[in-house]
Amino acid sequence: MASLTLAVSTGNQQVDAILTGTIGLLETILPGRIRAYYLHGSFYDHTGIETSDIDLFVVARENFSTAERTQIQQIMHYCALFSPFMAELNALDETSLLKNGHYRIKSASNLVWGEDIREQLPVQSFEQYLQFYAAFPFIYSVNMLRNRDSIELPLAYPDPEGEFYGYDQALMPPQNERRRNIKKFVTNMCWIATLLIAWKAGKEVEGKQASIQLYRQYVNDEWSDFVEEVYSWGNQRWHYLIPEQPEERRRLRKLCQQALAFEQHYLDLYVRYLQAEIASVGPGARAAAQKLAQIRA
1 MASLTLAVST GNQQVDAILT GTIGLLETIL PGRIRAYYLH GSFYDHTGIE
51 TSDIDLFVVA RENFSTAERT QIQQIMHYCA LFSPFMAELN ALDETSLLKN
101 GHYRIKSASN LVWGEDIREQ LPVQSFEQYL QFYAAFPFIY SVNMLRNRDS
151 IELPLAYPDP EGEFYGYDQA LMPPQNERRR NIKKFVTNMC WIATLLIAWK
201 AGKEVEGKQA SIQLYRQYVN DEWSDFVEEV YSWGNQRWHY LIPEQPEERR
251 RLRKLCQQAL AFEQHYLDLY VRYLQAEIAS VGPGARAAAQ KLAQIRA
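Residue 210 in full-length UniProt numbering sits at position 210 of the sequence shown, and the numbers go up by one each step.
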């Protein structure tokens, strides 16, 4: 069997081995069907910790079939059963990328295997960037943290009676161990910061850490200290896990208490954005109307 050598190392031997093994499995199952593999996220920008995910864009030669997408999801599922890191495999069609571009592949990724097509990708317009990313905090706030498909405003805590207001999760990926964590909570706060940077400063953001730095630089409002504290404590100190010390638990509870207003601030701006998209009668109007229907005032 031919050896597989990554085009670039993450600097972490264990992560490199997981990437090599995952790519090897995909190449075995789908020979000749994958054009390129791009690493992004925390192991791209060297901010990865032991509870981070390995974020990998898997780009088809032309288009993936439904069956091929199912196989990729199955490989991701089975790898999670024995891997210490969750390998998030995001299957993308080459034809769509060549037509529409992709901000994070073009500007915030490393080719780890395959044929590099980044120079062939068009630069996404800022309008396309917003159309692609504007809903991400909604997905986290509503679908993931509240297990709902739609929401009624004003927003309520996921669990008003919980120690951390329901922002904590019982299971930690990749193996769904019973380890209470705030991984989705921290990620959501970073996504909200990312969209507020876009709406208020017209700037694009490459990842979690960049969202915190650029929020202070370009927005610098009453939420700047909050988003910095969520990231520095939630990611860098606690590694997404619920702290054991009473003083630190009180700190986390306070952050979770503040989070609801930050989510509501995003949702207010998101509704205005969707309304403007609908009024523009542009290419994103129909999708915006469908998304706005998920929010009841």
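Where a beta carbon is used, it is the ideal one built from N, C-alpha and C, also for glycine.
Exercise. Under a three-way DSSP split, which group does Gly-162 fall into?
Worked result: On the sequence shown, position 162 is the one that residue 162 refers to. In the structure shown, Gly-162 sits in coil (DSSP, three-state: anything other than H, G, I, E or B).
Problem set entry | Nearest residue (CA-CA) to Arg-153, options Gly-21, Ala-17, Tyr-266, Ser-9 | Taking the first residue of the sequence shown as position 1, residue 153 is located at position 153. Going by the sequence as given, residue 153 is Leu instead of Arg. Closest by alpha carbon: Tyr-266.
For this session: Identify which residue in Ser-224, Glu-177, Leu-39 has its Cα closest to the Cα of Thr-194.
Result: Locating residue 194 in the sequence shown gives position 194, counting from the first residue. Cα-wise, what sits closest to Thr-194 is Ser-224.
Exercise. Taking Lys-208 as the reference, which of Asp-45, Val-59, Ala-7, Gly-162 has the closest Cα?
Worked result: Here residue 208 refers to the residue found at position 208 when the sequence shown is read from its first residue. Asp-45 is the residue among Asp-45, Val-59, Ala-7, Gly-162 whose C-alpha sits nearest the C-alpha of Lys-208.
Problem set entry | Contact belief for Val-142 with Val-186 at Cβ below 8 Å, rounded distance in angstroms | Translated into the one-based positions of the sequence shown, residue 142 becomes position 142. Translated into the one-based positions of the sequence shown, residue 186 becomes position 186. Not confirmed; about 17 Å, so no contact.
Problem set entry | Where Met-1 sits in the DSSP three-state scheme | Your numbering for residue 1 matches position 1 in the sequence shown. In this prediction, Met-1 scores a pLDDT of 48, lower than 50, which makes its location untrustworthy; the coordinate-derived value is nonetheless stated afterwards. It is coil, neither helix nor strand.
Exercise. Taking Cβ positions, are Ala-87 and Ile-54 nearer each other than 9 Å?
Worked result: Against the sequence shown, residue 87 aligns to sequence position 87. Against the sequence shown, residue 54 aligns to sequence position 54. Yes, they are a contact pair.
For this session: Kindly confirm or deny that the stretch 72 to 86 and the stretch 127 to 144 touch, where touching means at least three C-beta pairs closer than 8 Å.
Result: no
Problem set entry | Proximal residues to Thr-51 (C-beta, below 8 Å), its chain only, five neighbours per side dropped | Within the sequence shown, the letter at position 51 stands for residue 51. Same-chain partners within the cutoff: Met-172, Asn-181, Lys-183, His-239, Tyr-240, Leu-241.
Exercise. By Cβ distance, which residues of its chain are closer than 7 Å to Phe-136, with the 5 residues on each side in sequence left out?
Worked result: Position 136 of the sequence shown, counted from the start, is the residue given in the question as residue 136. Cβ-Cβ distances below 7 Å link Phe-136 to Trp-191 in the same chain, with the five nearest sequence neighbours on each side left out; the list follows chain order.
Exercise. Do Ala-297 and Leu-274 have their CB atoms nearer than 9 Å?
Worked result: Counted from its first residue, the sequence shown places residue 297 at position 297. Counted from its first residue, the sequence shown places residue 274 at position 274. No. Outside cutoff.
Exercise. Nearest CA to the CA of His-40: which residue from Pro-174, His-77, Ala-210, Glu-177?
Worked result: Residue mapping note: residue 40 aligns to position 40 of the sequence shown, counting from 1. Residue Ala-210 is the option with its Cα nearest to His-40.
Exercise. Along the chain, which unbroken stretches of the beta strand (DSSP E) at least 3 residues long are found entirely within the UniProt domain "Polymerase beta nucleotidyltransferase" (33 to 77)?
Worked result: Counting whole runs of 3 or more residues, the UniProt domain "Polymerase beta nucleotidyltransferase" (33 to 77) contains the beta strand (DSSP E) stretches 34 to 40, 53 to 60.
For this session: Could you check if Met-1 is buried or exposed, using at least 16 other CB atoms within 10 Å of its CB as the buried criterion?
Result: Counted from its first residue, the sequence shown places residue 1 at position 1. Interpretation of Met-1 is limited by its pLDDT of 48, a score under 50 that renders its predicted location unreliable; the figure taken from the coordinates is listed afterwards. Residue environment analysis places Met-1 among the exposed positions, since fewer than 16 neighbouring C-beta atoms fall within 10 angstroms of its C-beta.
Exercise. Quick one, are the C-beta atoms of residue 303 and Tyr-37 less than 9 Å apart?
Worked result: Not covered by the structure: residue 303. The range shown for the chain is 1 to 297.
For this session: Taking only runs that begin and end inside the stretch 193 to 245, name each unbroken alpha helix (DSSP H) of 4 or more residues, in chain order.
Result: Uninterrupted alpha helix (DSSP H) stretches at least 4 residues long and entirely within the stretch 193 to 245 occur at 208 to 214, 224 to 231, given in chain order.
Problem set entry | Beta-carbon gap between Gly-234 and Phe-126 smaller than 9 Å | Counting from 1 along the sequence shown, the entry for residue 234 is found at position 234. Counting from 1 along the sequence shown, the entry for residue 126 is found at position 126. No, these two residues do not count as a Cβ contact at 9 Å.
Exercise. Cβ of Ser-83 within 9 Å of Cβ of Ile-18?
Worked result: Numbered from 1 along the sequence shown, position 83 holds the residue referred to as residue 83. Numbered from 1 along the sequence shown, position 18 holds the residue referred to as residue 18. Yes, Cβ-Cβ distance for Ser-83 and Ile-18 is below 9 Å.
For this session: Compute the beta-carbon to beta-carbon distance between Glu-115 and Arg-35, rounded to the nearest angstrom, for a pair I have assumed lies under 8 Å.
Result: Within the sequence shown, residue 115 is the residue found at index 115, counting from 1. Within the sequence shown, residue 35 is the residue found at index 35, counting from 1. With 8 Å as the limit, Glu-115 and Arg-35 qualify as a contact, their Cβ atoms being about 6 Å apart.
For this session: May I have the straight-line CA-CA distance separating Gln-294 from Gly-11, to the nearest angstrom?
Result: Residue mapping note: residue 294 aligns to position 294 of the sequence shown, counting from 1. Residue mapping note: residue 11 aligns to position 11 of the sequence shown, counting from 1. Each residue's alpha carbon lies about 42 Å from the other.
For this session: Can you tell me which of Asp-16, Tyr-78, Val-281 puts its alpha carbon nearest to the alpha carbon of Gln-175?
Result: Working through the sequence shown from its first residue, we reach residue 175 at position 175. Nearest option by C-alpha distance: Tyr-78.
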